[in-house]
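Contents: one structure, followed by commentary.
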Amino acid sequence: MAGKRKREESLSNSPRRRSARISDMRSSASGTTAPLSSVRSLRSREMSALTGVSELSTEEESPVRRYYIHDISEGHMTTPESWTVLSDLARRRVNRYETKSRGSLESKLTACLLACIDHLPDGGRESLARNIRKADTDDDLHAVFSSLCTGLLCPMKANSARGTITPSPHSQGEENAEMMLARLLDPNRRSSEFRDTLLRRDDYRCVVSNQMDQKRYDEIGSPDDINNAEVEGAHIIPFNYGKWKDTPAAAQEVSKAWEVLWRYFPAVRRCGLNIDNINDPSNGMTLSESIHRQFGRFSLAFIATEIPNTYRIKTYHHFPKFYRQHFLPPNDVVTFQAAASDTGDISNCIPPPNPIYLECHYRIAEILNASGMGKAIDQKLQDLEDLKSMSHGHMAQDGSTDLSRYLNLAFWQTV
Numbered sequence: 001m002a003g004k005r006k007r008e009e010s011l012s013n014s015p016r017r018r019s020a021r022i023s024d025m026r027s028s029a030s031g032t033t034a035p036l037s038s039v040r041s042l043r044s045r046e047m048s049a050l051t052g053v054s055e056l057s058t059e060e061e062s063p064v065r066r067y068y069i070h071d072i073s074e075g076h077m078t079t080p081e082s083w084t085v086l087s088d089l090a091r092r093r094v095n096r097y098e099t100k101s102r103g104s105l106e107s108k109l110t111a112c113l114l115a116c117i118d119h120l121p122d123g124g125r126e127s128l129a130r131n132i133r134k135a136d137t138d139d140d141l142h143a144v145f146s147s148l149c150t151g152l153l154c155p156m157k158a159n160s161a162r163g164t165i166t167p168s169p170h171s172q173g174e175e176n177a178e179m180m181l182a183r184l185l186d187p188n189r190r191s192s193e194f195r196d197t198l199l200r201r202d203d204y205r206c207v208v209s210n211q212m213d214q215k216r217y218d219e220i221g222s223p224d225d226i227n228n229a230e231v232e233g234a235h236i237i238p239f240n241y242g243k244w245k246d247t248p249a250a251a252q253e254v255s256k257a258w259e260v261l262w263r264y265f266p267a268v269r270r271c272g273l274n275i276d277n278i279n280d281p282s283n284g285m286t287l288s289e290s291i292h293r294q295f296g297r298f299s300l301a302f303i304a305t306e307i308p309n310t311y312r313i314k315t316y317h318h319f320p321k322f323y324r325q326h327f328l329p330p331n332d333v334v335t336f337q338a339a340a341s342d343t344g345d346i347s348n349c350i351p352p353p354n355p356i357y358l359e360c361h362y363r364i365a366e367i368l369n370a371s372g373m374g375k376a377i378d379q380k381l382q383d384l385e386d387l388k389s390m391s392h393g394h395m396a397q398d399g400s401t402d403l404s405r406y407l408n409l410a411f412w413q414t415v
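Yeah, the sequence shown ends on 415 if you go by UniProt numbering, and it's all consecutive.
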């Protein structure tokens, strides 16, 4: 009951609620009473304005929707019936889009948005569908697509440079980005501790191929019955989200990327992943170099089974046949386990990969592969590399060169 009173008190402090209370007091002073139907209509209009759900909707005002009012980036889940209606309206709007030279990836807009409607999780899909419905013009719809690409799909795919992210169509999204920006004090550095922790948890082996870390292999005498490889600590939510040049503009771009990630994957936010703990072991696993590359390209993903911490590996079209034949485990099933910390303290164990993060990676893989966006982004990133090679030595090897004009030309601002 305390939580309910708190939400109601919070709602009552909104400008619309204050206005309603003033109106009610005036009615009482004049000795009149507003009809119950009028009160309900007012509440319906308020909810419609705040949530994007029509006042003609028959959906009951739920606690989930009330929460959505306070944090629009969380979206709010719908009943199966209402989602069917909302998604159908969003699909119709997407299919009415007409191309008009709005960017080099414009031809992928329809396929990408439809794939996102199909594969984004509860909360995120509703947020996208409402943004699509609010797009009165094709330019507005392209802005939704551009924000999705530059704020989510490209950061997930890119291994290094980050371009300018198209501002979110959500005004609330800008506020969330500002809150994240306030937390970005110093660029996060990839820590060797991250890899070492994952190696201890995963028994110094690639969790997919079971190949042992080369250094560990040498330490135990290079046994003939164990396969070895160079292994790496692989981030599930990419390290890109924790790395940026030490400039205000770069920090601003990272904060926007986090806002988009949280908006379309609200469960990631609820898990507490943020700029400060991108290197948490729950956001990583040990992979060989070759498998890590495929994981980063979204050619391989992990699908949760009914057994906790047990996943079925799914591979996509561009996953090498040789890897499929020689590196995948029996039945394509992987089981992760927690492990005691280096002090042996079981109460302070190293957690297994977070299923929410693995689901996020899997859903992004579905979107990129179903829409063709993965291949398109890879091509643009290759164009960027080619552009760098044509700079005739003017680009500093230490990364200090301002890449903004290269990024603008190659991809990021012409999505």
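From the three backbone atoms N, C-alpha and C, an ideal C-beta is built for every residue, glycine too.
Computed from a predicted model, the values in this text were never measured in an experiment.
Beta-carbon spacing of residue 201, residue 350 below 8 angstroms: Reading the sequence shown from its first residue, position 201 is the one you call residue 201. Reading the sequence shown from its first residue, position 350 is the one you call residue 350. Yes, Cβ-Cβ distance for residue 201 and residue 350 is below 8 angstroms.
For residue 133 and residue 123, the rounded distance between their alpha carbons: Your numbering for residue 123 matches position 123 in the sequence shown. Your numbering for residue 133 matches position 133 in the sequence shown. One C-alpha to the other measures close to 16 angstroms.
For residue 368, the nearest candidate out of 295, 389, 279, 153 (CA to CA): As a position in the sequence shown, residue 368 is number 368, starting the count at 1. Per the Cα distances, 153.
Write down the C-beta distance between residue 353 and residue 336 rounded to the nearest angstrom, noting that I regard them as a contact closer than 8 angstroms. The residue labelled residue 353 in the question sits at position 353 within the sequence shown. The residue labelled residue 336 in the question sits at position 336 within the sequence shown. Right, the Cβ-Cβ distance comes to about 5 angstroms (below 8 angstroms), so this counts as a contact.
Pull up the DSSP beta-bridge partners for residue 304, would you. For the purposes of this step, residue 304 is taken as residue 304 along the sequence shown, with counting starting at 1. Beta-bridge pairing links residue 304 to 311.
Taking its Cβ as the centre, do 16 or more other Cβ atoms sit within 10 Å of residue 348, making it buried, or is it exposed? The residue you call residue 348 lines up with position 348 of the sequence shown. Counting Cβ neighbours within 10 Å, residue 348 comes out exposed, since fewer than 16 surround it.
For the segment 103-123 against the segment 360-378, are there 3 or more C-beta pairs whose distance is under 8 angstroms? yes
For residue 286, is the classification buried or exposed, using 16 other Cβ atoms within 10 angstroms of its Cβ as the cut-off for buried? Numbered from its first residue, the sequence shown carries residue 286 at position 286. Buried.
Compute the Euclidean distance between the alpha carbons of residue 141 and residue 91, then round it to the nearest angstrom. The sequence position of residue 141 within the sequence shown is 141, counting from 1. The sequence position of residue 91 within the sequence shown is 91, counting from 1. Computed Cα separation, rounded: 12 angstroms.
Let's test the definition: count the other Cβ atoms within 10 Å of the Cβ of residue 306 and tell me whether it reaches 16, buried, or not, exposed. As a working note, residue 306 is residue 306 in the sequence shown. Exposed, because fewer than 16 other Cβ atoms sit within 10 Å of the Cβ of residue 306.
Could you tell me whether the segment 253-273 touches the segment 213-233, using the rule of 3 or more Cβ pairs below 8 angstroms? no
Which value, in whole angstroms, describes the spacing of the CA atoms of residue 282 and residue 358? In the sequence shown, residue 282 corresponds to position 282, counting from 1. In the sequence shown, residue 358 corresponds to position 358, counting from 1. Computed Cα separation, rounded: 10 angstroms.
Looking at the C-beta of residue 91, does it have a partner C-beta in chain B at a distance below 8 angstroms? In the structure shown, chain B cannot be found, because there is only a single protein chain.
What distance in whole Å lies between the Cβ atoms of residue 238 and residue 373, which are believed to be in contact at a cut-off of 8 angstroms? Mapped onto the sequence shown, residue 373 falls at position 373. Mapped onto the sequence shown, residue 238 falls at position 238. Actually they are not in contact, since the Cβ atoms of residue 373 and residue 238 sit about 16 angstroms apart, beyond 8 angstroms.
Cβ-Cβ separation, residue 258 to residue 236 (assumed contact under 8 angstroms), whole Å: As a first step, residue 236 must be located in the sequence shown, where it is residue number 236. As a first step, residue 258 must be located in the sequence shown, where it is residue number 258. That belief does not hold up - the Cβ atoms of residue 236 and residue 258 are roughly 15 angstroms apart, past 8 angstroms.
DSSP three-state call for residue 287: helix, strand or coil? One-based indexing of the sequence shown puts residue 287 at position 287. In this structure, residue 287 counts as strand in the three-state DSSP scheme.
To the nearest angstrom, report how far apart residue 329 and residue 309 are at their CA atoms. Within the sequence shown, numbered from 1, the residue matching residue 329 stands at position 329. Within the sequence shown, numbered from 1, the residue matching residue 309 stands at position 309. Using only the alpha carbons, I get a separation of about 15 angstroms.
Which one or two residues does DSSP pair with residue 205 in a beta bridge? Start at 1 with the first residue of the sequence shown, and residue 205 comes out as number 205. The partner list for residue 205 (beta bridge, DSSP) reads 212.
Please classify residue 294 as buried or exposed, where buried requires at least 16 other C-beta atoms within 10 Å of its C-beta. The residue labelled residue 294 in the question sits at position 294 within the sequence shown. Looking at its Cβ environment, which holds 16 or more other Cβ atoms inside 10 Å, residue 294 is buried.
For residue 151, name the three-state secondary structure that DSSP assigns. Within the sequence shown, numbered from 1, the residue matching residue 151 stands at position 151. Reduced to three states, the DSSP call for residue 151 is helix.
Whether residue 241 touches residue 228 by CB criterion (8 angstroms): As a working note, residue 241 is residue 241 in the sequence shown. As a working note, residue 228 is residue 228 in the sequence shown. Contact: no.
How many angstroms separate the CA atom of residue 320 from the CA atom of residue 158? Locating residue 320 in the sequence shown gives position 320, counting from the first residue. Locating residue 158 in the sequence shown gives position 158, counting from the first residue. Each residue's alpha carbon lies about 20 angstroms from the other.
How would you label residue 386, buried or exposed, when you count the other beta carbons within 10 angstroms and need 16 or more for buried? Within the sequence shown, numbered from 1, the residue matching residue 386 stands at position 386. That one is exposed.
Could you tell me the distance, in whole angstroms, from the CA atom of residue 128 to the CA atom of residue 317? Stepping through the sequence shown from its first residue, residue 128 is reached at position 128. Stepping through the sequence shown from its first residue, residue 317 is reached at position 317. C-alpha separation (whole angstroms): 27 angstroms.
Simplified DSSP state of residue 279, which is helix, strand or coil: The residue given as residue 279 occupies position 279 in the sequence shown. Of the three classes helix, strand and coil, the one that applies to residue 279 here is coil, per DSSP.
Neighbour-count burial assignment, residue 284, 16 or more Cβ in a 10 Å radius: Locating residue 284 in the sequence shown gives position 284, where the first residue counts as 1. The residue is buried, with at least 16 neighbouring Cβ atoms inside 10 Å.
Buried or exposed: where does residue 272 fall if 16 or more other Cβ atoms within 10 Å of its Cβ makes it buried? The sequence position of residue 272 within the sequence shown is 272, counting from 1. Its Cβ having fewer than 16 others within 10 Å, residue 272 is exposed.
In whole angstroms, what separates the C-alpha of residue 99 from that of residue 144? Locating residue 99 in the sequence shown gives position 99, counting from the first residue. Locating residue 144 in the sequence shown gives position 144, counting from the first residue. Near 14 angstroms, if we compare the C-alpha coordinates of residue 144 and residue 99.
Do you know offhand how far residue 302's Cα is from residue 312's? Counting from one through the sequence shown, the residue named residue 302 turns up at place 302. Counting from one through the sequence shown, the residue named residue 312 turns up at place 312. Cα to Cα, the separation comes out at about 6 angstroms.
Closest to residue 97 by C-alpha separation, out of 82, 84, 279, 114, would be which residue? The count along the sequence shown starts at 1 and reaches residue 97 at position 97. Closest by alpha carbon: 114.
How long is the line joining the alpha carbons of residue 250 and residue 256, rounded to whole angstroms? In the sequence shown, residue 250 corresponds to position 250, counting from 1. In the sequence shown, residue 256 corresponds to position 256, counting from 1. The straight-line gap from Cα to Cα measures roughly 10 angstroms.
Taking the alpha-carbon of residue 361 as reference, which of 331, 300, 322, 334 has the nearest alpha-carbon? Stepping through the sequence shown from its first residue, residue 361 is reached at position 361. Of 331, 300, 322, 334, the residue nearest in Cα terms is 300.
Does DSSP put residue 235 in a helix, a strand or coil? Sequence index remark: in the sequence shown, residue 235 carries index 235 (1-based). Residue 235: strand per DSSP, three-state reduction.
Does the Cβ-Cβ distance between residue 334 and residue 254 come in under 8 angstroms? For this step, residue 334 is matched to residue 334 along the sequence shown. For this step, residue 254 is matched to residue 254 along the sequence shown. Result no, Cβ atoms of residue 334 and residue 254 do not sit closer than 8 angstroms.
If I measure Cβ to Cβ from residue 87 and keep anything under 8 angstroms in the same chain, skipping five residues before and after, which residues do I get? Start at 1 with the first residue of the sequence shown, and residue 87 comes out as number 87. Cβ within range, chain order: 117, 125, 129.
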